[in-house]
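Chains as they are written, first to last, in the working numbering: chain A, 11 to 273; chain B, -12 to 294.
For every residue, glycine included, the Cβ atom is placed at its ideal position computed from N, Cα and C.
A quick note: this is a predicted structure, and the numbers were derived from the prediction, not measured.
Heads up: the structure comes next, in structure tokens.
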């Protein structure tokens, strides 16, 4: 018997693209349902927090408040779309629809299937950012052309959250227990990662924790550097952190899924 | 085995599958030849599905050797799976798609070019008589229709080996007969078929050769007719159980088996047995019927309920 370790590099073939393609086809088939949420989400955040709180806050560190939160809206959307796709979405396909079982009866391997799902989660993040960018641009709260780099960044950030999500999907005993990471990880992250107020307002210990452990912190920071724009050398540090964490979680996710599904 | 003999599609030697301490498949050996319909029979938990999953390259074996098309599933899963058609026990059609798109999407997993996949999907819908349901989503299909679509899906790649795990489970007689008829057609075209079932009639109809499994082991192997002849005999005489009959049969040294309130006598010549019964035992109800695979099955695997 072959032993699979959590850290072994999975063998993924180009067939992963077929799983990605399947999900893409389904997404565009129901495009009206899928394109609406990010559009509405952008408006809601801009009005409620931007215009609402923004009336009192005016500016942060010399930046208009709406411009300060615009990149956070993008980053949170990247996080949510990839995370929820690869938790609830993937779990439904795996457990209720038995789609993974059907797929691995073909030349696709389980590694291809999970890689395809993760790639799709990241693609969903990209699509959401593409939909939100024109809205934010219309309100004049982001700058071009640097903000266009939010698109490739959405893919990288999407991969990271898809990989993290897939780890939870691989170990969750039921669909209900997926609520734990959603409320204990995703919601706090959306609030405390330098999204709607600067990280520096937090006690110093929490700042370190946020920087060390909260993936969204790095994604928000990079997004902000692109949309303001205010690029500094720090961008490389954030990028390196994201790439490292993405690689770790994607590899572990595939190995965990293999352990769960191949018995 | 002569050099010119029909090639082996599956060769399994001492195949074993363990889940922790539980032995699901206990060192079984068998071969399936090209063009053959080979059956795995057995009660629930006999190890049939585990064996199917190992052959289908979705579950690694614990030990033993296995060759499918001459290749090892551990090393060449994709190459083997490219030539397999699988009907799983659990219907796992894609509910996000219509009937046609289920076949079309599945074709893509086999690298079948779109134009060929399109034509093939149309043909297969016709083959399983679902052409009118082409654009219907999966949830609107009946159980029988879903099962037929799963069969069609297993054929998108023109497989060299068809693996069917309980192909007609839970179907009404009409749907079951349609699937049998289609499988017969595929068999006539020279396809190799491996199937599991616990419908004995299904096995007797479809299989050229079969094995009966219990507790992970193969108990017997042979053609349905030979197994019946060898293990039960030609016919079964059933008599209502009375003290008189039991006593009388024992006296005449006729072997019998008591099942509930009937006495079964397996025999090569029912006329003689019936005559003896009427002459000496004053039986109440007597019924003579040909022996079936079911009799072999129950004889070998026991009558106790399997969980």
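In this chain, the beta strand (DSSP E) harbouring residue -1 (chain B) covers -5 to 6.
Per the coordinates, the alpha-carbon of residue 90 (chain A) lies some 9 Å from the alpha-carbon of residue 200 (chain A). Counting the other Cβ atoms within 10 Å of the Cβ of residue 24 (chain A) gives fewer than 16, which makes it exposed. For residue 64 (chain B), the chain A residues whose Cβ falls inside 7 Å of its Cβ are 119, in order along the chain. Apart from the 5 residues on each side of it in sequence, residue 46 (chain B) sits with its Cβ closer than 8 Å to the Cβ of 4, 37, 40 in its chain, given in chain order. Counting only Cβ-Cβ distances below 7 Å, residue 32 (chain A) has contacts in chain B at 92, in chain order. Residue 198 (chain A) has its alpha-carbon roughly 22 Å from the corresponding atom of residue 134 (chain A). Positions of the alpha helix (DSSP H) runs, each at least 4 residues long and wholly inside the stretch 213 to 272 of chain B, are given as 230 to 238, 257 to 263 in order along the chain.
Below the 9 Å Cβ cutoff, chain B contributes 79, 80, 81, 82, 83 as neighbours of residue 107 (chain A), in chain order. The stretch 141 to 213 of chain B is shown to contain whole beta strand (DSSP E) runs of 3 or more residues at 148 to 152, 179 to 184, 196 to 201, 204 to 209, in chain order. Taking the Cα of residue 276 (chain B) as reference, the smallest distance to any Cα among B:234, B:219, B:248, B:25 is reached at B:219. In this structure residue 196 (chain A) is buried. Its beta-carbon is surrounded by 16 or more other beta-carbon atoms within 10 angstroms.
Contact between residue 29 (chain B) and residue 199 (chain B) holds: CB atoms are separated by about 6 Å, below the 8 Å threshold.
DSSP places residue 185 (chain A) in the coil class of the three-state scheme, outside both helix and strand. Scanning its chain for C-beta atoms nearer than 6 Å, with the 5 sequence neighbours on each side dropped, one finds around residue 191 (chain B) the residues 211, 280, in chain order. Annotation for residue 174 (chain B): 24, 180 place their beta carbon closer than 7 Å to its own, counting only its chain and skipping 5 residues before and after. Annotation: the continuous beta strand (DSSP E) that includes residue 20 (chain B) extends over 9 to 20.
In summary, the residues of the stretch 83 to 116 of chain A whose CB is separated from some CB of chain B by less than 8 Å are 107, 108, 109, 111, 112, 113, 114, 115, 116, in the order they occur in the chain. Closest in C-alpha terms to residue 253 (chain A), from the list A:154, A:168, A:35, comes A:168. For residue 50 (chain B), the enclosing beta strand (DSSP E) starts and ends at 50 to 55. Here residue 276 (chain B) carries a strand assignment [DSSP, helix/strand/coil].
Listed along chain A are 108, 111, 112, 115, each with a C-beta nearer than 9 Å to that of residue 75 (chain B).
The beta carbon of residue 43 (chain B) lies closer than 7 Å to those of 71, 73, 150 in the same chain, with the five residues before and after it left out.
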